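Under this note's numbering, think of the first position of the sequence shown as 29, with each following residue one higher.
Don't be surprised by glycine CBs; every beta carbon is placed ideally from N, CA and C.
What you are looking at is a predicted structure, and each value in this text was computed from that prediction instead of being measured.
Take a look at the structure below.
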Amino acid sequence: MTYFKKISDCQTYLGHDSEFHYDFNANSGGGQAFLGGKIVDAAGVSASSSELEGRTVGFAIRFRDQLIDLSNNGGGSYEIFPRGAGSQSMKLGVQGKVNPNLLIAAALMLPKTCGRNMAVSIMVSPLTTENYWLRSMWLDVDRGKTNTVTFIPKDFVFEGGLSKRQGVTSQRDTVEGNQQFFKLDYLRRIEDIVSLADEVNLPIYARETLGYYRDIYLGNEAFDYESGAGKIQELMGKLSLDYSDAYSGYSDPLVFLMELCGRDDDSLRVPVEKSLDIHEPRNLIFFGAPGTGKSYELNKLAIGTDEELGCFDQANITRVTFHYDYTYAQFVGCFKPYSAVKEQGGDDAASKIEEEITYRFVPGPFLETYIKAVQNPGTNYLLIIEEINRANLTATFGDIFQLLDRKEGGMSEYEIAVPIEMRSYLKAFLPEYATNAHISNPAKLFSERLRLKEECERLCLPPNMYIWATMNSADQGVFPMDTAFKRRWDFRYMDIDAGSSVIAQYCVPVAGHSHPVSWDKFRRGINNVLLSAGVNEDKLLGPFFIPPFRLKDAERFTETFQDKVLLYLFEDAAKTKKSKVFKRDGTFTYSQVCADFREKGEFAFNWKDEPLSSEGLHDQVTEDADIVDAEE
Numbered sequence: 029m030t031y032f033k034k035i036s037d038c039q040t041y042l043g044h045d046s047e048f049h050y051d052f053n054a055n056s057g058g059g060q061a062f063l064g065g066k067i068v069d070a071a072g073v074s075a076s077s078s079e080l081e082g083r084t085v086g087f088a089i090r091f092r093d094q095l096i097d098l099s100n101n102g103g104g105s106y107e108i109f110p111r112g113a114g115s116q117s118m119k120l121g122v123q124g125k126v127n128p129n130l131l132i133a134a135a136l137m138l139p140k141t142c143g144r145n146m147a148v149s150i151m152v153s154p155l156t157t158e159n160y161w162l163r164s165m166w167l168d169v170d171r172g173k174t175n176t177v178t179f180i181p182k183d184f185v186f187e188g189g190l191s192k193r194q195g196v197t198s199q200r201d202t203v204e205g206n207q208q209f210f211k212l213d214y215l216r217r218i219e220d221i222v223s224l225a226d227e228v229n230l231p232i233y234a235r236e237t238l239g240y241y242r243d244i245y246l247g248n249e250a251f252d253y254e255s256g257a258g259k260i261q262e263l264m265g266k267l268s269l270d271y272s273d274a275y276s277g278y279s280d281p282l283v284f285l286m287e288l289c290g291r292d293d294d295s296l297r298v299p300v301e302k303s304l305d306i307h308e309p310r311n312l313i314f315f316g317a318p319g320t321g322k323s324y325e326l327n328k329l330a331i332g333t334d335e336e337l338g339c340f341d342q343a344n345i346t347r348v349t350f351h352y353d354y355t356y357a358q359f360v361g362c363f364k365p366y367s368a369v370k371e372q373g374g375d376d377a378a379s380k381i382e383e384e385i386t387y388r389f390v391p392g393p394f395l396e397t398y399i400k401a402v403q404n405p406g407t408n409y410l411l412i413i414e415e416i417n418r419a420n421l422t423a424t425f426g427d428i429f430q431l432l433d434r435k436e437g438g439m440s441e442y443e444i445a446v447p448i449e450m451r452s453y454l455k456a457f458l459p460e461y462a463t464n465a466h467i468s469n470p471a472k473l474f475s476e477r478l479r480l481k482e483e484c485e486r487l488c489l490p491p492n493m494y495i496w497a498t499m500n501s502a503d504q505g506v507f508p509m510d511t512a513f514k515r516r517w518d519f520r521y522m523d524i525d526a527g528s529s530v531i532a533q534y535c536v537p538v539a540g541h542s543h544p545v546s547w548d549k550f551r552r553g554i555n556n557v558l559l560s561a562g563v564n565e566d567k568l569l570g571p572f573f574i575p576p577f578r579l580k581d582a583e584r585f586t587e588t589f590q591d592k593v594l595l596y597l598f599e600d601a602a603k604t605k606k607s608k609v610f611k612r613d614g615t616f617t618y619s620q621v622c623a624d625f626r627e628k629g630e631f632a633f634n635w636k637d638e639p640l641s642s643e644g645l646h647d648q649v650t651e652d653a654d655i656v657d658a659e660e
């Protein structure tokens, strides 16, 4: 179970009348607590954040119609002042105060957060100690007092997956990783803490910590940051010692406590049965021209839609994007330095702690997926590789390239020896599944321990591990994919017009036409120009070259078309055939092409089709706009 839901954007407040929010921004090295958006009170009266300048603010959580004050005797109170001289934008003064990032985590009994883009590891779950941070809060504001205000969060969005910490990234001030956002179900979390505080099956120290938070949430005790943060750290440490085979000491302690006493909500849900044989290739690449919907089709097949089930549970999917500098060490795993604390002698408490740099093996997405698949042979796992041909595949896959040959049943045709640097890691983590916490039958437990012990000596892809990828062969500067590598994959071609029905209703403004014209007809006309000029099919415009949500923004379509389509054609697809594609003679510039489009529309090109017609389209635009809005 989890109290977090992965979301695509931290700006949950967009589109609402009152969009006042806190944003832990990256405009400085460590991030700053910025405020933005307009404030609208219960009476509908609006105000800007600049009206709060000079006031002192504290946070409070609303629970069961009461407010839980987090001001922490002044340590959690902040002055509001401009982001710069003369600026109307505001921020919180956090110098010398408890950072709101840490304050909120402690108030909600969460593992300790880290500074923005300062995760200690980007190879493990972001939702663990010092691997995530509070990115944004959508806020209500109580301005009832003259000099002070109270911010009451309506939601909490945490961010993780990125780091510029020394030892995680190889270059100074370079951020590595994949950005991820998670929205917290904080009300459900608080309710579970309150109800769990009297659970007799939990250790006494766990009940004491839960009781402390219950009393805070019910208004019987004041919240204190230092006390709360200390109790969480102590609880996680004790649980990791008492339940070392089941709890790491880094993840959410509440989730483990819920599971420990049998209140794991997820275990009570009826699972949707998914066949182990999904009748799809184990190694599959979706390829086609830009904008043909490769990632969309892959996701639809993998995860499903509202109407259809996908082939995999979303929790069993790992995603990675290849790029020019992507390496075997990032994909499979390698040793990396990390800070470790060890105790020293001496009476002084400070002298007993010393930090040293040591090394440990950190798995990449391939090895993480592999371990899960080997541990759970009855469950399918999927590794998705976006833009697979952007990396040097020979170097990135290394010796695991040999594993891509599959037998009829899906297992690797050939095994390879486990590299020595990986062996100790597999011995530590592969067998950890075979414990009483996961397997109650003694006979099965024994056999699983033997099986997983043997798996530590070799690498062989199991039939329940799938690797699917996307490839855009039109990209410049990508590495060629050799025949031996291609032979080990199935390829699924995305036709240049396959998704046309999805965008058929979208109409866009084009110069020279009194009403919007069909985007699909415009796109097809440009493709005919490109084909006549001798441009290869893999460089044509797919239906989704401009995302549908951009097509709906009629006021900015011309700007979008210039920035996405014209720039792509000028610098890539038609780079050597400009005079055949654009209706200009001699040498000309990109800005001149943009000016021609703004003035002449489709006739900025060497147009081959009939002129675009807006006759009968105006009514269609209105109807289709209604349909699109209804679908949303």
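Spatial neighbours of residue i within its chain, please: CB distance less than 6 Å, with the 5 preceding and 5 following residues excluded, ordered by chain position.
| i | result |
| --- | --- |
| glutamate 415 | Thr349, Phe350 |
| isoleucine 444 | Asp427, Gln430, Leu487 |
| glutamate 565 | none |
| glutamate 227 | Cys289 |
| alanine 378 | Because alanine 378 sits at a pLDDT of 42, beneath the cut-off of 50, its placement in the model cannot be relied upon, and the following sentence gives the value as read from the coordinates. Here the set comprises nothing. |
| leucine 395 | Val360, Gly361 |
| glycine 373 | Unreliable positioning characterises glycine 373 in this predicted model, as indicated by a pLDDT of 47, which lies under 50. A coordinate reading is not provided. |
Can you name, in chain order, every residue of its own chain whose Cβ lies under 8 Å from the Cβ of residue i, other than the five neighbours on each side?
| i | result |
| --- | --- |
| phenylalanine 32 | Leu155, Phe186, Phe210, Lys211, Leu212, Asp213 |
| asparagine 634 | Val557, Ser560, Ala561, Lys608, Val609, Phe610, Lys611 |
| alanine 147 | Pro154, Glu158, Asn159, Tyr160, Gly188, Gly189, Leu190, Ser191, Arg193, Val196, Gly205 |
| leucine 230 | Leu224, Leu238, Leu285, Leu288, Cys289 |
| glycine 121 | Tyr106, Glu107, Ile108, Phe109 |
| isoleucine 574 | Gly319, Trp547, Thr588, Phe589, Lys592, Val593 |
Select from the options the residue whose C-alpha is nearest the C-alpha of residue i.
| i | options | result |
| --- | --- | --- |
| asparagine 313 | Leu326, Ile306, Asp305 | In the sequence as presented, asparagine is not what sits at residue 313; that position holds isoleucine. Comparing Cα-Cα distances from isoleucine 313 to each of Leu326, Ile306, Asp305, the minimum goes to Leu326. |
| phenylalanine 572 | Pro318, Lys549, Ala133 | Pro318 |
| tyrosine 160 | Ile150, Leu167, Trp166 | Ile150 |
| threonine 202 | Ser164, Leu230, Ala632, Arg144 | Arg144 |
| valine 563 | Cys535, Phe585, Asp600, Leu579 | Asp600 |
| glutamate 47 | Thr157, Ile531, Met499, Trp166 | Trp166 |
| glutamine 94 | Asn248, Gln116, Thr237 | Asn248 |
| aspartate 220 | Ile306, Tyr245, Gly65, Ile554 | Tyr245 |
| valine 446 | Tyr409, Ser641, Ala423, Cys362 | Cys362 |
| alanine 75 | Val222, Gly65, Thr84, Ala88 | Gly65 |
| glutamine 453 | Arg388, Thr511, Met439, Ile412 | Here residue 453 is tyrosine; the residue named in the question, glutamine, does not match the sequence. Answer by Cα proximity: Arg388. |
| alanine 512 | Pro181, Phe425, Tyr494, Ile448 | Phe425 |
| leucine 162 | Gly82, Gly124, Asn53 | Asn53 |
| arginine 217 | Glu236, Tyr233, Asp183 | Asp183 |
Quick one: grab the DSSP three-state call for residue i.
| i | result |
| --- | --- |
| glutamate 565 | helix |
| lysine 628 | helix |
| tryptophan 547 | helix |
| glycine 320 | In the sequence as displayed, the identity of residue 320 is threonine instead of glycine. Reduced to three states, the DSSP call for threonine 320 is coil. |
| serine 164 | strand |
| lysine 603 | coil |
| methionine 522 | strand |
| glutamine 39 | coil |
| phenylalanine 573 | coil |
| serine 105 | strand |
| glycine 86 | strand |
| glycine 57 | With a pLDDT of only 48 at glycine 57, under the threshold of 50, the placement of this residue in the model should not be trusted; the figure read from the coordinates follows. DSSP places glycine 57 in coil when its eight states are reduced to three. |
| phenylalanine 32 | strand |
| valine 348 | strand |
| tyrosine 253 | helix |
| valine 538 | coil |
Beta-carbon within less than 7 Å of residue i's beta-carbon, same chain only, minus the 5 sequence neighbours each way: which residues are those?
| i | result |
| --- | --- |
| tyrosine 253 | Asn100, Gly103, Gly104, Val126, Leu131, Ala134 |
| proline 490 | Ala401, Val402, Pro405, Met439 |
| phenylalanine 507 | Asn417, Ala419, Asn420, Leu421 |
| serine 268 | Tyr275, Ser276, Gly277 |
Notebook entry, point to check: Whole alpha helix (DSSP H) runs in the segment 107–159 with 4 or more residues, listed along the chain?
Noted result: 128–135
Notebook entry, point to check: In chain order, which beta strand (DSSP E) runs of at least 3 residues are fully inside the segment 169–246?
Noted result: 176–191, 204–212
Next item on the list: Count the CB pairs spanning the segment 270–281 and the segment 135–145 that are closer than 8 Å, and state whether there are at least three.
Entry: yes
Notebook entry, point to check: In chain order, which alpha helix (DSSP H) runs of at least 4 residues are fully inside the segment 414–455?
Noted result: 421–425
Check: Is it true that the segment 325–341 meets the segment 399–406, where meeting means three or more beta-carbon pairs spaced less than 8 Å apart?
Finding: Between the segment 325–341 and the segment 399–406, the count of C-beta pairs closer than 8 Å stays below three; the two stretches do not touch.
Check: At a cut of 8 Å, does the segment 258–266 reach the segment 109–123 through at least three beta carbon pairs?
Finding: no
Check: Okay, do the segment 615–622 and the segment 525–545 touch, 3+ Cβ pairs below 8 Å being the bar?
Finding: As far as the Cβ criterion goes, the segment 615–622 does not touch the segment 525–545, which means the pair count is below three.
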